[in-house]
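**Student:**
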Amino acid sequence: MSKFEKYKKKTELIYPHKHCLKCNKMISETKEYCDKCFQKIQQEKKEKEMKGSIFKRFKNKIKKSDSKKL
Numbered sequence: 009m010s011k012f013e014k015y016k017k018k019t020e021l022i023y024p025h026k027h028c029l030k031c032n033k034m035i036s037e038t039k040e041y042c043d044k045c046f047q048k049i050q051q052e053k054k055e056k057e058m059k060g061s062i063f064k065r066f067k068n069k070i071k072k073s074d075s076k077k078l
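Residue numbers 9 to 78, in the numbering used here, belong to the letters of the sequence shown in order.
Dropping the structure here:
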C-alpha cells in the first residue's frame, strides 16, 4: 500500500457515535455512560454516602464523649 492510498477517502460513512466509558457499548452522543452502568454508578455513590455518614456519626459520638470526660 502506498502512502497515498492510506489516506484516500473510503466510501463507507462513519456516523458520529460515542462509547460507554465503562463497558464500551455504543451509546448516543448526549450520554457518558449506558443506562446499566449509570445505574450502577449511582448506586455505588449512594452506598459511599451511607458509609460516610455512618462513620461521621460514630466520630461525632467519640468527640462528644471525649469532651464530656474533660
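Think of the CB as a built atom: it goes at the ideal place given N, C-alpha and C, for glycine as much as any other residue.
Alpha carbons only, please: which of Cys-31, Ile-35, Leu-29 and Lys-30 is nearest the one belonging to Tyr-23?
**Tutor:** Against the sequence shown, residue 23 aligns to sequence position 15. It is Ile-35.
**Student:** With DSSP as the reference, please indicate the residues paired to Met-34 in a beta bridge.
**Tutor:** Sequence index remark: in the sequence shown, residue 34 carries index 26 (1-based). Paired residues: His-27.
**Student:** Between the beta-carbon of Leu-29 and the beta-carbon of Glu-40, is there less than 8 Å?
**Tutor:** One-based indexing of the sequence shown puts residue 29 at position 21. One-based indexing of the sequence shown puts residue 40 at position 32. The answer is yes: Cβ separation under 8 Å.
**Student:** How would you label Cys-42, buried or exposed, when you count the other beta carbons within 10 angstroms and need 16 or more for buried?
**Tutor:** The count along the sequence shown starts at 1 and reaches residue 42 at position 34. Result: buried.
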